[in-house]
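Student: Take 96 as the starting number for the sequence shown in the working numbering and just add one per residue. All C-beta atoms in this analysis are idealised placements derived from N, C-alpha and C, irrespective of residue type, glycine included. A quick note: this is a predicted structure, and the numbers were derived from the prediction, not measured. A single structure is presented below for examination.
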Amino acid sequence: MNHILPSIVIVGRPNVGKSTLFNRLTGTRRSIVTDEPGITRDRIYGTATWRGRPFEIVDTGGLLPDDHAPIPREILKQAQAAIADATALVLVVDARAGATPLDLELARHLWRTGKPFVVAVNKVDTQRQQDLAAQFYEIGAEVFPLSAEHGLGVDNLLDELTRDFLLTEADSSAAAHREVQVAIIGRPNVGKSTLLNQLAGGERSLVSAEPGTTRDAVDTVVLRDSKSYRLIDTAGIRRKGKTHLIAEKLSVIMARRHLERADIGLLVADAAIGVTAGDATIAGYAQQSGRSVIVVMNKWDLALEKAREAAQKARKHRGEQPQERQIRNAQRLSPDPTRLGAEYEVLVRERFKFLAYAPIVFISALTGEHVEKLYGLIDRVAEARKRRISTGELNRWLADVDLARGTSPAAHRVKIYYMTQSSSSPPTFILFTNQRQKLHFSYERFLENRLREHFDFFGSPIRFIQRFRQRARDDKEHSAQKRRSAN
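In structure tokens:
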């Protein structure tokens with residue numbers, strides 16, 4: 096046991112994934128992972144470093160067997176010794192099993208220790224399963240949905256656990272900024288690999304006029320102003336021997352797969368062609384994934400050239416059209432880049448209605464025009480995505496905002512008693528309301544827009560989880576939760 100390093104102790108009932116999480120955090124296979132409960136009998140120690148902060152990880156035995164028998168004396172002794180030495184505790188629970196009485200009993204025991212602890216809701220393997228974590232908020236500790244097996248959500252857990260740990264001198268500068276994972280997604284031949292090369296400053300990815308010349312995802316790490324960016328090119332297909340339809344489907348599959356690894360998706364589309372149904376499909380998956388999105392309209396130089404040519408043709412045929420139509424066409428086909436960009440953005444927003452939060456940038460990856468803007472946008476979006484707002488600050492804002500404004504009359508009957516942020520990446524909020532039915536979409540959209548505007552959740556989706564609450568019954572619980580949040 097290392098008494099110098101801070102110690103994170105993993106506890107929980109058997110078969111919830113403690114050993115899988117231990118192996119994930121330490122990058123080893125020291126803990127045996129099977130479906131048989133209670134495999135870990137002794138404490139297992141490992142070390143890890145997260146963003147320059149070294150620490151010790153301890154895997155304990157399953158504290159409560161599945162047959163509800165008394166806790167084996169030796170396992171309990173080992174676990175209690177580890178807890179006594181812990182800097183922080185992680186209670187691992189199974190999202191699919193729900194909050195069992197044994198989980199709640201363990202949580203009460205951990206509260207009595209007086210040590211800081213969080214709840215790791217394991218086996219949340221998809222974004223759709225995020226709602227499963229809501230049932231664990233009654234514990235009162237901060238909740239982190241994750242998949243220990245696939246690594247999803249583990250970064251959020253580590254950020255919280257290690258934020259007060261000391262940096263090693265050698266790693267302090269390198270860890271000042273976390274690596275931002277950026278997936279470059281889009282249809283074949285929209286310029287994803289060309290954009291990667293511009294961002295990376297070199298011919299890192301094979302570039303060709305033939306769609307899908309990048310066969311696999313290509314990772315490129317870029318260090319810029321002491322910040323680290325991992326760029327993932329997701330072209331991932333070859334068109335040779337494939338129909339166009341299959342190529343489009345494969346591009347969607349690759350985008351979905353590699354978005355799981357990313358914080359931010361750069362959704363690249365061809366401005367010279369316009370937004371297609373394939374672009375909209377990929378955009379839909381990006382939105383569903385919970386990743387932040389930046390819409391990149393590439394080949395803007397070609398779009399401007401097409402607009403100039405169209406304007407010239409319109410001028411040649413003015414005599415053949417009514418004067419009013421000539422004026423409208425001249426305005427619509429204006430070759431002025433600023434004016435055309437504003438008009439084009441309206442069209443893009445119309446096709447990507449569900450990405451209203453996503454910034455749009457017009458670039459030419461081939462010439463490098465406006466590519467530099469992307470790093471500034473990535474930094475701002477990454478910061479907003481990780482932003483956490485205290486429960487007190489949220490509810491002060493909630494008391495001031497006029498929730499009845501701009502919503503349907505039916506929505507006015509909804510009462511939000513209080514709210515709390517359950518997680519970041521993306522920012523997710525629990526709403527405790529007086530209604531069991533789902534909030535009206537206009538009410539939810541209004542709330543989302545006001546939250547984004549006030550707390551600057553720029554470029555990030557916002558998720559809501561609604562929980563019905565009978566106020567009289569829950570006042571005591573609410574007061575206790577507020578006291579814990581204040582501490």
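When you compare each of Asn292, Gly296, Lys322 to Asp328 by their alpha carbons, which one comes out closest?
Tutor: Considering only alpha carbons, the answer is Asn292.
Student: Distance check for Val111 and Glu131, CA to CA, integer angstroms please.
Tutor: Any reading at Glu131 needs caution, since the residue's pLDDT is 41, under 50, leaving its predicted position unreliable; the model's value is listed next. Their Cα atoms are separated by approximately 11 Å.
Student: Residues in the same chain with beta-carbon distance under 7 Å from Lys39, minus the five sequence neighbours each way, listed in chain order, please.
Tutor: With the chain represented from 96 up to 582, any question about residue 39 goes unanswered, as that position is not in the structure.
Student: Run through DSSP, which three-state label would Lys448 get?
Tutor: If DSSP states are grouped into helix, strand and coil, Lys448 belongs with the helices.
Student: If you follow the alpha helix (DSSP H) that Tyr470 is part of, which residue opens it and which one closes it?
Tutor: Per DSSP, Tyr470 belongs to the alpha helix (DSSP H) from 468-480.
Student: Report yes or no: do the segment 175-195 and the segment 213-232 share at least 3 C-beta pairs separated by less than 8 Å?
Tutor: Touching, per the Cβ criterion.
Student: So what's Phe457 in DSSP terms, helix, strand or just coil?
Tutor: If DSSP states are grouped into helix, strand and coil, Phe457 belongs with the strands.
Student: Taking the Cβ atom as the reference point for each residue, do Asp250 and Arg108 lie within a distance shorter than 8 Å?
Tutor: Their beta carbons are not under 8 Å apart, which means Asp250 does not touch Arg108 by this criterion.
Student: Could you compute how far the alpha carbon of Arg547 sits from the alpha carbon of Val441?
Tutor: C-alpha separation (whole angstroms): 20 Å.
Student: Does Ser321 come out as helix, strand or coil in the three-state DSSP assignment?
Tutor: The answer is coil: DSSP assigns Ser321 none of H, G, I, E or B.
Student: To the nearest angstrom, how far is the alpha carbon of Asp266 from that of Trp145?
Tutor: Any answer about Asp266 is weak, because its pLDDT of 46 lies below 50 and its placement is not dependable; what the coordinates show is given next. Cα to Cα, Asp266 sits roughly 10 Å from Trp145.
Student: List the residues that DSSP assigns as beta-bridge partners of Val249.
Tutor: According to DSSP, which records beta bridges pairwise, Val249 is partnered with nothing at all.
Student: How big is the Cα-Cα spacing for Arg564 and Val214?
Tutor: Answer to the nearest angstrom: the Cα atoms are 22 Å apart.
Student: Can you name the residues that DSSP bridges to Tyr140?
Tutor: DSSP lists Val153 as partners of Tyr140.
Student: Give the list of continuous alpha helix (DSSP H) stretches no shorter than 4 residues that lie fully inside the segment 479-561.
Tutor: Runs found: 486-495, 536-550.
Student: Starting from Asp189, follow the beta strand (DSSP E) in both directions and report where the run begins and ends.
Tutor: That run of the beta strand (DSSP E) goes 183-189.
Student: Buried or exposed: Thr221, going by 16 or more other Cβ atoms within 10 Å of its Cβ?
Tutor: By the neighbour-count rule (16 or more Cβ atoms within 10 Å), Thr221 is not buried but exposed.
Student: If you draw a straight line from the C-alpha of Gln516 to the C-alpha of Arg482, how long is it?
Tutor: Going by the C-alpha atoms only, they are around 10 Å apart.
Student: Can you tell me the Cα-Cα spacing of Thr142 and Thr121, whole angstroms?
Tutor: Approximately 6 Å between the Cα atoms of the pair.
Student: Could you check what DSSP says for Gly89 in three-state terms: helix, strand or coil?
Tutor: Beyond the ends of the chain as shown, which are 96 and 582, falls residue 89; an answer cannot be given.
Student: Leaving aside the five residues before and after Ile279 along the sequence, list all residues of the same chain whose C-beta is less than 7 Å from its C-beta, in chain order.
Tutor: If we look at Ile279 and ignore the five residues flanking it on each side, its Cβ neighbours are Lys287, Leu290, Leu291, Leu326, Ile327, Asp328, Thr329, Leu361, Val363.
Student: So does the segment 200-217 actually touch the segment 239-253, counting three or more Cβ pairs closer than 8 Å?
Tutor: Enough Cβ pairs lie closer than 8 Å, so yes.
Student: I need the straight-line Cα distance from Leu247 to Arg282, nearest angstrom please.
Tutor: Those two C-alpha atoms are separated by around 25 Å.
Student: Between which two residues does the beta strand (DSSP E) holding Gln293 run?
Tutor: Run containing Gln293: none in the beta strand (DSSP E); it sits in the alpha helix (DSSP H), 287-295.
Student: Going by beta carbon distance, what residues of the same chain come within less than 7 Å of Lys510, once the five residues before and after it are set aside?
Tutor: Result list for Lys510: Thr528, Asn529, in chain order.
Student: To the nearest whole angstrom, what separates the beta carbons of Phe447 and Val390, a pair I think is in contact under 8 Å?
Tutor: At roughly 7 Å, the Cβ-Cβ gap stays under 8 Å, so Phe447 and Val390 are in contact.
Student: Thinking C-alpha only, which one of Ala451, Phe457, Tyr452 is nearest Ala437?
Tutor: Checking every option, the nearest Cα to that of Ala437 belongs to Phe457.
Student: Starting from Ser102, trace the beta strand (DSSP E) in both directions and tell me its first and last residue.
Tutor: That run of the beta strand (DSSP E) goes 102-106.
Student: Would you identify the three-state DSSP class for Pro240, choosing helix, strand or coil?
Tutor: Three-state result, Pro240: strand.
Student: Just mark Gln276 as buried or exposed, buried being the case when its beta carbon has 16 or more other beta carbons within 10 Å.
Tutor: The residue in question, Gln276, is buried, as its Cβ has 16 or more Cβ neighbours within 10 Å.
Student: Just the C-alpha distance for Pro101 and Leu318, rounded to the nearest angstrom, thanks.
Tutor: Near 29 Å, if we compare the C-alpha coordinates of Leu318 and Pro101.
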